[in-house]
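S.K.: Numbered by our numbering, the letters in the sequence shown go through residues 125 to 328 in order.
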Amino acid sequence: MKALLVVDLQLDFLPDGALAVKEGDLIIPSINAIQNRFDLVVATQDWHPLDHQSFASQHPNQQQFDVVTLHGIPQVLWPDHCVQGTVGATFSEAWDSTVVSAVFRKGMNKQIDSYSGFYDNNKMDSTGLLGFLKDKKVTEVYVCGLAAEYCVFYTAMDAKKAGFDTFFLDFATKPISKENLQQAKKTLIENEIVIVNTSEELKV
Ligand code: VGL
Ligand code: ZN
Numbered sequence: 125m126k127a128l129l130v131v132d133l134q135l136d137f138l139p140d141g142a143l144a145v146k147e148g149d150l151i152i153p154s155i156n157a158i159q160n161r162f163d164l165v166v167a168t169q170d171w172h173p174l175d176h177q178s179f180a181s182q183h184p185n186q187q188q189f190d191v192v193t194l195h196g197i198p199q200v201l202w203p204d205h206c207v208q209g210t211v212g213a214t215f216s217e218a219w220d221s222t223v224v225s226a227v228f229r230k231g232m233n234k235q236i237d238s239y240s241g242f243y244d245n246n247k248m249d250s251t252g253l254l255g256f257l258k259d260k261k262v263t264e265v266y267v268c269g270l271a272a273e274y275c276v277f278y279t280a281m282d283a284k285k286a287g288f289d290t291f292f293l294d295f296a297t298k299p300i301s302k303e304n305l306q307q308a309k310k311t312l313i314e315n316e317i318v319i320v321n322t323s324e325e326l327k328v
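(1) Using a Cβ-Cβ cutoff of less than 8 angstroms, which residues in the same chain neighbour Leu150 once the five nearest sequence positions on both sides are dropped?
(2) Would you mind giving the Cβ-Cβ distance between Gln208 and Pro153, rounded to the nearest angstrom? I have them listed as a contact below 8 angstroms.
(3) Can you round the beta-carbon distance between Val145 and Ala271 to whole angstroms, since I take them to be within the 8 angstroms contact cut?
(4) Nearer than 6 angstroms: is that true of the beta carbon of Tyr243 relative to any heavy atom of the ligand VGL?
(5) I'd like the span of the alpha helix (DSSP H) that includes Leu312, first residue to last.
(6) By a C-beta neighbour count over all protein chains shown, 10 Å radius and 16 as the cutoff for buried, is Gln134 buried or exposed?
(7) Would you identify the three-state DSSP class for Leu293, choosing helix, strand or coil?
(8) Which stretch, first to last residue, makes up the alpha helix (DSSP H) that contains Leu253?
(9) DSSP has Gln199 in a bridge; who is on the other side?
(10) Express the C-alpha separation of Leu143 and Ala169 in angstroms, rounding to a whole number.
(11) Which class does Lys298 belong to by DSSP, given the choice of helix, strand or coil?
(12) Check whether the Cβ of Tyr266 sits closer than 6 angstroms to any heavy atom of the ligand VGL, and report yes or no.
(13) Taking 8 angstroms as the cut-off, does the stretch 278–294 touch the stretch 237–244 (at least 3 CB pairs, one atom from each stretch)?
(14) Is it the case that the Cβ atoms of Ala296 and Cys268 are separated by a distance below 7 angstroms?
(15) When you compare only the Cα positions, how much space is there between Phe256 and Leu164?
(16) Determine the closest residue to Gly148 out of Glu273, Gln307, Gln306, Lys327, with distance taken between C-alpha atoms.
(17) Helix or strand or just coil, what does DSSP make of Leu150?
(18) Which stretch, first to last residue, makes up the beta strand (DSSP E) that contains Phe137?
In structure tokens form, the structure reads like this:
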């Protein structure tokens, strides 16, 4: 079984959103065009409490995008984004999400960020996504969405570690920083994750 994971396709990560990814909207037609070819489409949703510790607003002496140490691990301080129940946390209406079987929310624990759709950043808590994919007999996982070098990257890495054949859909993701994405892609290749550059290359 082949599953498409659509990561965090939420208004706050799209142009005019609180943590907008440049050209993030351009991936939506690509995702709409391919999603019907998968056995299963699953979404993740960044879903933070107002006082989440990854928000720069919770650290009065720091600036947005500063990196601090939080509970022993590096943490980028983000603008407030994807706050539970706000419009910014909703999926883009340009994306046809009617095909989605299940949505896995993440980032609810205010103490720790959660980039991967599988686990919190300290791997203490799971979202249930792994059990769901195993129960559905998924063997191949295709990852797309936002942002490429954060939640898409970490979700792909954890999918691979869990034993799935894993594909990073480069044509259906956009980064916050192009330089950081270059570095992330090297790590993906080292870990034998397949980078699919164009929709024509996608063999599904
Ligand atoms: C994300 C930063 C903070 C993402 C989520 O979806 O890539 N990035 N929260
Ligand atoms: Zn977040």
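All residues carry an ideal CB built from backbone N, CA and C; glycine is no exception. Because the structure is a prediction, the values reported are computed rather than measured.
M.R.: Result, derived from the coordinates:
(1) Lys298
(2) That pair is no contact at about 28 angstroms.
(3) 5 angstroms
(4) no
(5) 302–314
(6) buried
(7) strand
(8) 253–259
(9) Val192
(10) It should be noted that the sequence gives Gln, not Ala, for residue 169. Cα to Cα, Gln169 sits roughly 14 angstroms from Leu143.
(11) strand
(12) no
(13) yes
(14) yes
(15) 11 angstroms
(16) Glu273
(17) helix
(18) First-last for Phe137: undefined, no H or E at that position.
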